[in-house]
Structures are given as structure tokens and as C-alpha cells.
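Student:
In UniProt numbering, the protein residues as written are 1 to 306.
(1) Buried or exposed for residue 20, going by 16 or more other Cβ atoms inside 10 Å?
(2) Quick one: grab the DSSP three-state call for residue 171.
(3) Report yes if the CB atom of residue 169 is closer than 8 Å to the CB atom of residue 12, and no otherwise.
(4) Can you tell which of 197, 188, 27 has the C-alpha that lies nearest to the C-alpha of residue 178?
(5) For residue 18, I'd like the list of residues in its chain whose CB is within less than 7 Å of its CB, leaving aside the five on either flank, ordered along the chain.
(6) On the three-pair Cβ rule with 8 Å, is the segment 217-226 touching the segment 187-202?
(7) What runs of the alpha helix (DSSP H), each 4 residues or longer, lie entirely inside the UniProt domain "Pinin/SDK/MemA protein" (74-198)?
(8) With DSSP run on the structure shown, which of helix, strand or coil describes residue 219?
(9) So residue 150 packs on residue 219, CB below 8 Å; how close in whole Å?
(10) Could you round the C-beta distance between residue 139 and residue 30 to whole angstroms and report it? I think they count as a contact, below 8 Å.
(11) If you draw a straight line from the C-alpha of residue 22 to the C-alpha of residue 144, how long is it?
(12) Going by C-alpha to C-alpha distance, which of 176, 84, 171 sits closest to residue 187?
(13) Between the C-alpha atoms of residue 92 and residue 104, what's the straight-line distance to the nearest angstrom?
(14) Taking the alpha helix (DSSP H) that residue 33 falls in, what are its first and last residues?
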């Protein structure tokens, strides 16, 4: 018969170490989320203010008076000719410059289009990165809750086993309710009863230990299935061309308050059931705005029933 006081696979120390590693991973994901939030590219800045200069009104001569003056003034006629020639030359020069500037404007528009496309791609990559971080945090939180459930179940069994081990020196009656006693004087018949009671107690401990290991393995398998399902869905959503954003435009930069979420996950001392993990933590709905609330429940252990 194997020793019962050796280090077991379901030991609380091993589960506590795994739980601490999972919590550290959750804290790291929350720090990454805090770093990435608020990095959205600004829509643009408003242009500079336009100033206006209002000219003071002055007396303007009538058209007839101007024509009359120009007809009688030779210098005015010469000046008008020069101005008309200069105007034609200016228009011709503007036409040539416009032809040259058109190529520059086209090139500038092409550069601006490339910059806008790069900005759009950067924003899309940022959205995907944020989405992946939130999905990873959700999986990590599910793993933390599952490890807490395994640790609670392991401690319950360990307390029950520690309460049962001192009974190996007692004889158990077959009548119900069972009574444990020690005979005042040793007798071959009482020795046989003691050996039989000890054997039955060891078998009961091994049976419950085996059931506990199967239960913990089932939780581990369900965690793996949930991770595989979420990885597949996340990969499908990230490769969709017209994927709808998971975070609304007005709440992309909302602070999820990761410290509060970590504190809630660590200090939540309520019991958790396998069904709660499947229904809540491995839900296919990846809406980020919704708070992750996991209902924790498990049947309280019966007296001396592990």
C-alpha cells in the first residue's frame, strides 16, 4: 500500500504556484492594455484663424468722369496700354506656371493618399492588437478562475483527508451511524477488525483521491477546449476584410480600470463550478464593452466528505 503523506499531483502547493503564474500573466496583459489604449490617431487639427482687413471708405469717381479724364489725358492712355500689356503677360505667365504646378499638385495628392492609407492601416492594426489583447486577457482570467476552483477543491480534499488519517488507529462499526472506538484490551478478533477498518479507510481515501484527480483533469481539458475555440474564432475575425470593430467608436479609449479587475479576480474568495467556467469564460461573444462577471458557485462540502 502506497504512502498517503507523500506529495500528490493535486497538491495545493503546485496549484498555488500555477495560480500565481496565471495571475502574473493577467497583470501583464492589463499593463499592455493600459499602454495601447489612447494611441488612436487624431482626426486632425483645425486650421489657423483667418484675419480680415477692412478698408476705410473713400470717395470713388464716377465712370463717366474717369472716361472723360482718360480721353483728354495722353499719359493715361499710354498707362492703360502698358497695364493691358502687362496684364496679358501676367496671364500668359500664370498659364505656364499652372501647367507646371499641375504635375506638382498631382504628385502631392498621390503622396497624401499614400499617407492616408498608411494611417488607416496603422489604425486597423492597432484595433486588431487591442482586440487580441482583450481576448488574451479573457482567456487568462478564465484560467485564473479555473485554477482557483482547482485549488479550492484540492484544499477541501486535503482537509478531509487530514481529518480521516487519525482514524486509522480506530475500529469502525458497521452499524449506522458509524462509531470509531479503541478496545481497552487487545484481542486477535479486535486486531482483525482494526486491520479491516484501516484497509477500508485507505480504500475510501484512494477512491476519493482518484475522483478528485479526474475532476481536476476534466477542468484542465475544458480550459484547453475553450482556448482552442477562442483562438479559432479570433483568427477568423482578424482575417475578415469587412470585420466590424468590437469596440464602439466613442469608447475605444475608455479605461477598463485593470487594477480593479485584477483585484476582483485575486480577492474573489467565492467557490466556482465547472459549468460556470464553461458558460461565462468560454462564451463566444467577444464584446469588450460588457463587463466580465463570472458567477461563482459550488456545492459546499459535506461533513467529512471531501
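No residue lacks a Cβ here, since even glycine has one placed at the ideal position from N, Cα and C.
Tutor: Reading from the atomic positions:
(1) With fewer than 16 Cβ atoms within 10 Å of its Cβ, residue 20 is classed as exposed.
(2) strand
(3) no
(4) 197
(5) 147
(6) no
(7) 74-164
(8) Residue state, collapsed to three classes: helix.
(9) The Cβ separation is near 6 Å, so the contact holds.
(10) That belief does not hold up - the Cβ atoms of residue 139 and residue 30 are roughly 13 Å apart, past 8 Å.
(11) Distance between the alpha carbons of residue 22 and residue 144 is about 6 Å.
(12) 171
(13) 19 Å
(14) Judged by DSSP secondary structure, residue 33 falls within the alpha helix (DSSP H) whose first and last residues are 12-36.
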